[in-house]
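The block underneath contains the structure these notes are about, expressed in structure tokens.
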Amino acid sequence: MHDIFLSYSTKDRDRLKPLFQALAQQGWSVFWDHQSIHTGENWHRKIEEAINNSRCVVVVWSKHSIQSEWVLEEANKAKSRNVLFPIRIDAIELPFGFGLLQAGDFTGWNGKGDHPAFIELAAQIYGFLGRGSQPLQPPPASKSRMGAVLAGVAAVAVAGGGVYWQQKGGFSAEYLVALVQPAAPVAQPKVVAAPVESKPPVTPPIVEPEVPKSYQLTVKTTPENAAITVDGDAYEAGKVWKSGAYTVKAMADGYKPVEQVVTIKDQDAAVSLTLEAIRYALTINTKPENAKISLSGGVGYSSGILLQPDDYVVKVEADGYQPQEKAFTIAAGDQTLNVELKPIRLEYEPEMVSIPAGTFTMGCVESRDVVSGMDKCDDDEKPTHEVTLNAFRMGKYEVTFDQWDACEQAKVCPHAEYKGLGRGNRPVINVSWYDITQKYIPWLNKETGKTYRLPTEAEWEYAALGGANTAYPWGNAIGKGNVNCDNVSCGDKFEYIAPVGSFAVNGYGLSDMHGNVLEWCQDWYGDYSSSPVSNPKGAFSGTYRVLRGGSWRSAARLVRSANRDFLTPDNRDNDYGFRLVLP
1 MHDIFLSYST
11 KDRDRLKPLF
21 QALAQQGWSV
31 FWDHQSIHTG
41 ENWHRKIEEA
51 INNSRCVVVV
61 WSKHSIQSEW
71 VLEEANKAKS
81 RNVLFPIRID
91 AIELPFGFGL
101 LQAGDFTGWN
111 GKGDHPAFIE
121 LAAQIYGFLG
131 RGSQPLQPPP
141 ASKSRMGAVL
151 AGVAAVAVAG
161 GGVYWQQKGG
171 FSAEYLVALV
181 QPAAPVAQPK
191 VVAAPVESKP
201 PVTPPIVEPE
211 VPKSYQLTVK
221 TTPENAAITV
231 DGDAYEAGKV
241 WKSGAYTVKA
251 MADGYKPVEQ
261 VVTIKDQDAA
271 VSLTLEAIRY
281 ALTINTKPEN
291 AKISLSGGVG
301 YSSGILLQPD
311 DYVVKVEADG
321 YQPQEKAFTI
331 AAGDQTLNVE
341 LKPIRLEYEP
351 EMVSIPAGTF
361 TMGCVESRDV
371 VSGMDKCDDD
381 EKPTHEVTLN
391 AFRMGKYEVT
401 FDQWDACEQA
411 KVCPHAEYKG
421 LGRGNRPVIN
431 VSWYDITQKY
441 IPWLNKETGK
451 TYRLPTEAEW
461 EYAALGGANT
471 AYPWGNAIGK
481 GNVNCDNVSC
491 GDKFEYIAPV
501 GSFAVNGYGL
511 SDMHGNVLEW
521 CQDWYGDYSS
531 SPVSNPKGAF
541 SGTYRVLRGG
551 SWRSAARLVR
561 SANRDFLTPD
571 NRDNDYGFRL
581 VLP
């Protein structure tokens, strides 16, 4: 059995050699794994036996040991046995569960036995282990354990076989008398000496205890409402402190905690702690990308701006779009906001629908697109190929007569003849590819400040599928009443052109992509390639422009998503119309 088990981090071994030596010099048996475990012994078993059988445990807290699972386990074991004597050699916060146990302050220990910190530790161990653990009274000149422990006190009288001591640092004279009282008288040989003149007994001088000096510690923080602790205890203004080193820590919501070691030595001390605000990055993505962004409180925005936790309001504005305000909270962690503005739509502008980015199989898939009335895919619908598209916006409906008439009234667009088939909210007809691209679209873009255009053939087919993998967005059969096409095939109620929005929208929210009127596309008509492509724009040149979707005059197989048609760009007829897209 050892008197003392020394628990520490191996990273502190060289620093603790003087402590081991100082404890051993007092006559105690000290278990120090560095010297107490021999070759061939089971290391884990030896540690377990020692921690269970040692009479007390000195745990050395340091910046290394508070991270050690072994030291924490040993400390908990000692704590459960009520034999724990903690000290600390670094200015640190003690681990959770040990803050209420006063730890001896060895941060300024000089490695010698006459230091006040060591004297107090030794006295506590003596008091705990009891008189049975102390050696016989040493000769006055010997450097025994008591010589080291009592180096910090002064002897004031000798009488009755005991030594009386006057306190110099941290424990009472009466307590030390109990420590050094001889356990039993020791027989001495008789010595015949010459008679000496008797003298009256010496009366010991009365020495008043030295009262430790105390000082003021003033702590100021920025912000002023920060919570302050000193060595883990709440700071009290006006409290007096002894000389020594103290760890002052300040904490506040929304700020990083800060701590500083303050040394009080022979005078009052003051410290000012400034806490750094915790800030998190804010990124705001807008559509359109050039939108103006402003934050509440007059805070200027830049991408990745660092903000303190708080409630904010962001305002996003752009020409041609409805401004939007959005409240948000910065709490814990970086944050990204996505704000999409809705366009300010003029009366004659088309209503637009967002189409997500994606990849699809373009062309006729035999198992999908060969419907009733077909034996095989049309030649120009093959080969199938993978197409990847960026996100875009497309008109929910075909451009109407009312919308075209605004351009005609501005004396830009030619008159669109309806030939008795109806005007107003019906798709405009009898307009050529040239009428659209050289007259209507430039006029509309100038009026709105936007960049409308015709869809590419790939964009049109992708949007027409509406996310489905069938010949029509509602399935592989034409059905009844799903589309305005040849009445025998489709069974719809319209003899000619139907008003826009007369049928259910597809999976992307688009109406009338199939039937009603054929829709001009941007591309030249050409053969497909089998290679995967991204955002294709069709053939580089050609004679014909592409039309898609079939019309009120078409058979069912001609209104499939994969079906293609083509005409010269100057052609006009009573079932040719169009719809627009925006990036």
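According to the UniProt record's numbering, the sequence shown holds residues 1 to 583 in order.
Using N, Cα and C, we set each Cβ at its ideal position, and we do this for glycine too.
Can you give me the start and stop residues for the alpha helix (DSSP H) that Arg-45 sits inside? Walking along the sequence shown from the start, residue 45 turns up at place 45. Its alpha helix (DSSP H) spans residues 43 to 53.
Less than 8 angstroms between the CB atoms is what I'm expecting for Ile-264 and Leu-217, so what's the real figure, rounded? The residue given as residue 264 occupies position 264 in the sequence shown. The residue given as residue 217 occupies position 217 in the sequence shown. Contact flag correct, Cβ pair sits at about 6 angstroms.
So the candidates are Pro-257, Pro-499 and Asp-369; which of them puts its Cα closest to the Cα of Ala-477? Mapped onto the sequence shown, residue 477 falls at position 477. Cα-wise, what sits closest to Ala-477 is Asp-369.
Hey, quick one: how far does the alpha helix (DSSP H) through Pro-18 stretch, first residue to last? Within the sequence shown, residue 18 is the residue found at index 18, counting from 1. 13 to 25 is the extent of the alpha helix (DSSP H) around Pro-18.
Mind checking Ala-194: buried by the 16 CB within 10 Å criterion, or exposed? Indexing the sequence shown from 1 puts residue 194 at position 194. No answer about Ala-194 holds up, because its pLDDT of 47 lies below 50 and its placement is not dependable.
So if DSSP puts residue 621 in a beta bridge, which residue, or which two residues, is it bridged to? Because the chain spans 1 through 583 in this model, residue 621 falls outside it and cannot be assessed.
Just checking, does the segment 487 to 500 make contact with the segment 412 to 428 on the three C-beta pairs under 8 angstroms criterion? yes
Can you give me the C-alpha to C-alpha distance between Val-316 and Ser-296, rounded to a whole angstrom? Sequence index remark: in the sequence shown, residue 316 carries index 316 (1-based). Sequence index remark: in the sequence shown, residue 296 carries index 296 (1-based). Each residue's Cα considered, the two are about 11 angstroms apart.
Taking only three categories from DSSP, how would you classify Phe-540? Taking the first residue of the sequence shown as position 1, residue 540 is located at position 540. Residue state, collapsed to three classes: coil.
Beta-bridge partners of Cys-56, as assigned by DSSP: The count along the sequence shown starts at 1 and reaches residue 56 at position 56. Looking at the DSSP assignment, Cys-56 forms a beta bridge with Ile-4.
Contained beta strand (DSSP E) runs [length at least 3] in the segment 374 to 409, N- to C-terminal order: Correct list: 385 to 389 and 392 to 395.
Does the beta-carbon of Gln-26 have 16 or more other beta-carbons within 10 angstroms, so that it is buried, or is it exposed? In the sequence shown, the residue the question calls residue 26 occupies position 26. When all chains shown are included, Gln-26 counts as buried.
I want to know whether the segment 409 to 425 touches the segment 533 to 540 - three or more CB-CB distances under 8 angstroms. no
Could you tell me whether the segment 58 to 70 touches the segment 1 to 14, using the rule of 3 or more Cβ pairs below 8 angstroms? Contact between the segment 58 to 70 and the segment 1 to 14 is present, because at least three Cβ pairs lie under 8 angstroms.
In the DSSP output, which residue or residues are listed as bridge partners for Asn-82? For this step, residue 82 is matched to residue 82 along the sequence shown. In DSSP, Asn-82 forms no bridge with anything.
Taking buried to mean at least 16 other C-beta atoms within 10 Å of its own C-beta, is Ile-51 buried or exposed? Position 51 of the sequence shown, counted from the start, is the residue given in the question as residue 51. Buried.
Inter-residue spacing [alpha-carbon to alpha-carbon] between Leu-282 and Lys-326: Position 282 of the sequence shown, counted from the start, is the residue given in the question as residue 282. Position 326 of the sequence shown, counted from the start, is the residue given in the question as residue 326. Answer to the nearest angstrom: the Cα atoms are 14 angstroms apart.
Looking at Lys-112 and Gly-257, is the spacing between their C-beta atoms short of 9 angstroms? Taking the first residue of the sequence shown as 1, we reach residue 257 at position 257. Taking the first residue of the sequence shown as 1, we reach residue 112 at position 112. Residue 257 is actually Pro in this sequence, not Gly. Against a cut-off of 9 angstroms, the Cβ pair of Lys-112 and Pro-257 comes out as no contact.
What's the gap between the Cα of Cys-490 and the Cα of Glu-459? Your numbering for residue 490 matches position 490 in the sequence shown. Your numbering for residue 459 matches position 459 in the sequence shown. Looking at the two C-alpha atoms, the distance is approximately 25 angstroms.
Assign Ser-354 to one of two classes, buried (16 or more other C-beta atoms within 10 Å of its C-beta) or exposed (fewer than that). Counting from one through the sequence shown, the residue named residue 354 turns up at place 354. That one is exposed.
Taking the beta strand (DSSP E) that Ser-272 belongs to, which residues open and close that run? Within the sequence shown, numbered from 1, the residue matching residue 272 stands at position 272. Looking at the DSSP string, the run of the beta strand (DSSP E) that includes Ser-272 is 269 to 274.
Counting C-beta neighbours from all protein chains within 10 Å, is the total for His-44 16 or more, i.e. buried, or is it exposed? The count along the sequence shown starts at 1 and reaches residue 44 at position 44. Burial call: exposed.
Quick one: using the 10 Å Cβ neighbour count with 16 as the cut-off for buried, is Gln-267 buried or exposed? Numbered from 1 along the sequence shown, position 267 holds the residue referred to as residue 267. Under this definition Gln-267 is an exposed residue.
In angstroms with no decimal places, state the Cα-to-Cα distance between Ala-245 and Asp-253. As a first step, residue 245 is located in the sequence shown; it is residue number 245 there, counting from the start. As a first step, residue 253 is located in the sequence shown; it is residue number 253 there, counting from the start. Ala-245 and Asp-253 have their C-alpha atoms some 27 angstroms from each other.
State the start and end residues of the unbroken alpha helix (DSSP H) segment that holds Glu-120. Counting from 1 along the sequence shown, the entry for residue 120 is found at position 120. Glu-120 -> alpha helix (DSSP H) spans 116 to 129.
For Asp-310, which of helix, strand or coil comes out of DSSP? As a working mapping, residue 310 is identified with position 310 in the sequence shown. Strand.
Under DSSP, the beta strand (DSSP E) around Arg-426 begins and ends at which residues? As a working note, residue 426 is residue 426 in the sequence shown. Note, Arg-426: premise wrong, no beta strand (DSSP E); not H, not E.
Cutting at 7 angstroms between CB atoms, please list the residues of its own chain near Arg-279, excluding the five before and the five after it. As a first step, residue 279 must be located in the sequence shown, where it is residue number 279. The residues Leu-306, Leu-307 and Gln-308, in chain order, have a CB closer than 7 angstroms to that of Arg-279 in the same chain once the five nearest residues on each side in sequence are set aside.
Sorry if obvious, but does the Cβ on Lys-450 come closer than 8 angstroms to a heavy atom of the ligand SAH? Within the structure as shown, the ligand SAH is missing, as the structure has no ligands at all.
Backbone secondary structure at Asp-527 - three-state DSSP: The count along the sequence shown starts at 1 and reaches residue 527 at position 527. It is coil, neither helix nor strand.
Please state if the CB of Met-352 and the CB of Lys-396 are separated by a distance shorter than 9 angstroms. Indexing the sequence shown from 1 puts residue 396 at position 396. Indexing the sequence shown from 1 puts residue 352 at position 352. Against a cut-off of 9 angstroms, the Cβ pair of Met-352 and Lys-396 comes out as a contact.
Within 10 angstroms of the Cβ of Met-1, are there 16 or more other Cβ atoms? Answer buried if so, exposed if not. Residue mapping note: residue 1 aligns to position 1 of the sequence shown, counting from 1. Exposed.
Residues bridged to Pro-343 (per DSSP): Taking the first residue of the sequence shown as 1, we reach residue 343 at position 343. Answer is Tyr-321.
Apart from the five residues just before and just after Ile-47, which ones in its own chain have a Cβ nearer than 7 angstroms to its Cβ? Numbered from 1 along the sequence shown, position 47 holds the residue referred to as residue 47. The residues are Asp-33.
Where Arg-13 falls, given that 16 or more other Cβ within 10 Å makes a residue buried: Mapped onto the sequence shown, residue 13 falls at position 13. Counting Cβ neighbours within 10 Å, Arg-13 comes out exposed, since fewer than 16 surround it.
Whole angstroms are fine: how far does the CA of Thr-329 sit from the CA of Tyr-321? On the sequence shown, position 321 is the one that residue 321 refers to. On the sequence shown, position 329 is the one that residue 329 refers to. Computed Cα separation, rounded: 25 angstroms.
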